[in-house]
Structures are given as C-alpha cells and as structure tokens.
Amino acid sequence: MAVSIILFLIIFFVVVISHEFGHFIIAKKNGIHVVEFFIGMGPSLFSFQKGDTKYSLKLFPIGGACVFEGEDGLQKEQGELSPGAFPNAPVWTRFATVFAGPLFNFLTAYVMAIVIVCAYGITLPEVQTVYEGSAAQEAGLKEGDVITRMNGKRIHLGEEVTLVTQLNTKGESIRITYKRDGQDYETVVSPTYDEQAQRYYMGIGVGKYLKCNVPQTFQYAFHTMGFYVETTVKSLQMLVTGQLSRNDVSGPIGIVKVVDDVYDSAKVYGMLDVALNMVNIALLLSVNLGIMNLLPLPALDGGRLVFLLVEAIRGKPVPAEKEGMVHLAGMMALMVLMVLIFFNDITKFF
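Quick note: to get this note's numbering, add 124 to the position in the sequence shown (first position is 1).
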C-alpha cells in the first residue's frame, strides 16, 4: 500500500500541477500578479517566495490553486489594486487565464494518450466475432465488418462500441453504419437482454489490434483522449440522472484503492507495465479534472468563465463583491462535498 500511496501522490502532483501551471503561465505572460501557487489544501508543509509569488505545498492532496491579486473581489476595492491585479486585466485576457487550467489538463492528457498508444497500440472497431442467434447476426453483421457510426456518432475505437452498448441500459435499438468490402452499409440492431449479466447485448466481439505508426499514434491518441472525455461526460450525466449512486463516486482514498489494485495486477509484468498503467490512470484523472473545472458552477473555473462571458456581453463586470460572495459560497459547498466523499470512501473501503 505504501508504494500505491507514493504512486497516487505522483499522479496527483502531475495532474494538479499541469492544471495550475496553465493558469500560472498565461497569467505571467500577460502581466497578472500571481500571489500564490500551491498544491494541496489545508496547512502548508513548506513554502518559499520567488519574485512576487509564493509557492506552497499543503497537507491534504485534494486540489490546488493559482491565486491572483484581487480575483475574489473581497480583499480590496478595485481602485486600490496594483496594475497587475486580476480585475485590471482585459476581460478576454482573464478568460484565457481561467480557461488555460482545464486546457492544460487536456493537453497533458493528450501527451499521456500518445504514450499509451505508442506503447500498446489500439483496437479498431472491426467485428471479430458474431455470436450464433444474436441480435447482431439477425441484423446482418458479419466478421470483418468495420463499424464506422453508431446512432450517428462517429466510431474510431473498439472501446467506443463497447461503451455504447454498456450505456444502453434500456435496450433501445442501435443504428449501425459499417463498412464491408469498401462499401458502406447500414442496419439496426435490437439488443437482447441477458438475465444473468443483467444488461443488453448485441452479440458481437469487436476489436482488431493495430500497432500504430507515427502519424497514426498522434491521430489515435486524440481519439483515445476523446473516448475518456466521452466516458467522463456520460458518467456525470448518469450520476445526475440517478443511474449511478454515491458508491460510484470516489475521492483520494478511492483513487488510492484503484491505484493499489492496478499496481498489484500490473507488477507481475514488470515496472514498465506498472508505469504505463499509472499513466493511463493519470490520463483519466486529467480529463476528469479538466471537465469538472469547466462545469458552470461557483468556485470552479467554469463558474468564473460564466461571469467573464457576462462581463464581455454587457460591457461591464458583475460587482466584484457579489461575484466574490458567489464563489465563496461555491467553495464552501465544494469543501462540504469533499468531506462527504471522504467519509463515503471510508465506509466503502474500511
């Protein structure tokens, strides 16, 4: 478990630092005063000052922040702020600075996806098996067919086919476009329900292995990252609609447990396989952090972007005190949520 905790901390630092560095580098490039750059939450373990910015490592590995002068609107009136204060920057400069955090998460995830695709290759959405008497056989699908679209959505990876079927919890018909002998065809598959597995199946096995060349690596790394984005967005939708429960949500303790399970499974194949599996987890978490921060909720980057868009449209900012109070309330709500997730992890795993 000690090794897994260390691996989790490495993943945490990479994912959070990439996010906060996005804010930091764009702010610095545009002359915005960064008061503090810190990783973690709670009391500081250590810190140092360089130039006009304080750099800190805090006790609890549950986030981080890049603090700009005057960004909360509660400390000073705007007229008392220095020229480099966040509110004094042009609105689109502030927008770019806030947006850069999630953007750097996606850029980091893309780099990680390149590593994964380069090492493992990918699986193409080519049908390898059609099971006797299955819905797919009835619909006319055959081995060698390459699925290109499902319900109008473009398909690039074998995993995307699996995701569509796994999310089809109501057994709705799936419109499939596929390529056979260079020609495009379309069919409709009505999945059948498996009582034992308690889910719907089309009755096909999909996934032809491809070892990617250099151009394919960059191409399929993008599709791999897109798959993780889609998985995260769908999971959030299912959580909101009640298709997932609180037991499907994990915080730091839950992630450590996942890292530990993956480490135990991968270590028998060598440290390279462990490293690649950790990169894969980091890829997923980086995408998660990017998407979560784009949600239009107070205290998150998405909430700040909403206020900046309102300012750009109306030509003047929302009063700093009001915006600051909204974000403060959002931060308090997030802290409560973190505590609830923390205790939920404890009840699940201990």
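Idealized CB from N, CA, C, for every residue including glycine.
As the structure is a prediction and not an experimental result, all values here were calculated from the model.
For methionine 416, the three-state secondary structure derived from DSSP is helix.
For alanine 151 and valine 312, the gap between their C-alpha atoms comes out near 51 Å. Taking C-alpha positions only, phenylalanine 162 is separated from leucine 183 by approximately 11 Å. By the neighbour-count definition (other C-beta atoms within 10 Å, threshold 16), threonine 293 is an exposed residue. DSSP, read as helix, strand or coil, puts valine 158 in strand. In this structure, DSSP gives serine 171 an extended state, which the three-state scheme calls strand. Around the Cβ of leucine 461, a 10 Å sphere holds fewer than 16 other Cβ atoms; the residue is exposed. Serine 168 sits exposed, since fewer than 16 C-beta atoms from the chains shown fall within 10 Å of its C-beta.
Boundaries of the beta strand (DSSP E) around glutamine 307: 307–313. By the beta-carbon neighbour count (other beta carbons within 10 angstroms, threshold 16), serine 171 is exposed. For the segment 391–474, the continuous alpha helix (DSSP H) assignments of 4+ residues that do not extend past its boundaries occur at 395–418, 425–438, 444–473, in sequence order. Fewer than three beta-carbon pairs drawn from the segment 288–307 and the segment 236–245 are found closer than 8 Å, and the two stretches are therefore not classed as touching. Nearest C-alpha to leucine 131 among Leu231, Gly166, Phe346, Val398: Val398. At a cut-off of 3 residues, the continuous stretches assigned as beta strand (DSSP E) that sit fully inside the segment 271–357 are 298–304, 307–313, 316–318, 323–325, 328–334.
The beta carbon of asparagine 417 lies closer than 8 Å to those of His143, Gly225, Pro226, Asn229, Leu424, Asp425, Gly426 in the same chain, with the five residues before and after it left out.
The beta carbons of leucine 419 and phenylalanine 219 sit no closer together than 7 Å. The C-beta distance from alanine 406 to valine 138 rounds to 6 Å, short enough to meet the 8 Å contact threshold. As summarised for the segment 173–259, the continuous alpha helix (DSSP H) elements at least 4 residues long and confined to that stretch are 215–244, given in chain order. When C-alpha distances from threonine 177 are compared across Phe148, Pro185, Glu195, the shortest belongs to Phe148. In the structure shown, the three-state DSSP call for methionine 165 is strand.
Two segments are said to touch when three or more pairs of C-beta atoms, one from each, lie closer than 8 Å; by this definition the segment 322–333 does not touch the segment 369–378.
When C-alpha distances from glycine 295 are compared across Ser314, His157, His451, Glu193, the shortest belongs to Ser314. Three or more Cβ pairs closer than 8 Å define a contact, and the segment 253–266 falls short of that threshold against the segment 283–292. For glutamate 319 and serine 258, the gap between their C-alpha atoms comes out near 15 Å. Under the 10 Å beta carbon count, glycine 188 is surrounded by 16 or more other beta carbons and is classified as buried. Bounds of the alpha helix (DSSP H) holding glycine 146 are 126–153.
Distance between glycine 194 and isoleucine 470, taken at the CA atoms: about 38 Å. In the structure shown, the three-state DSSP call for leucine 363 is helix.
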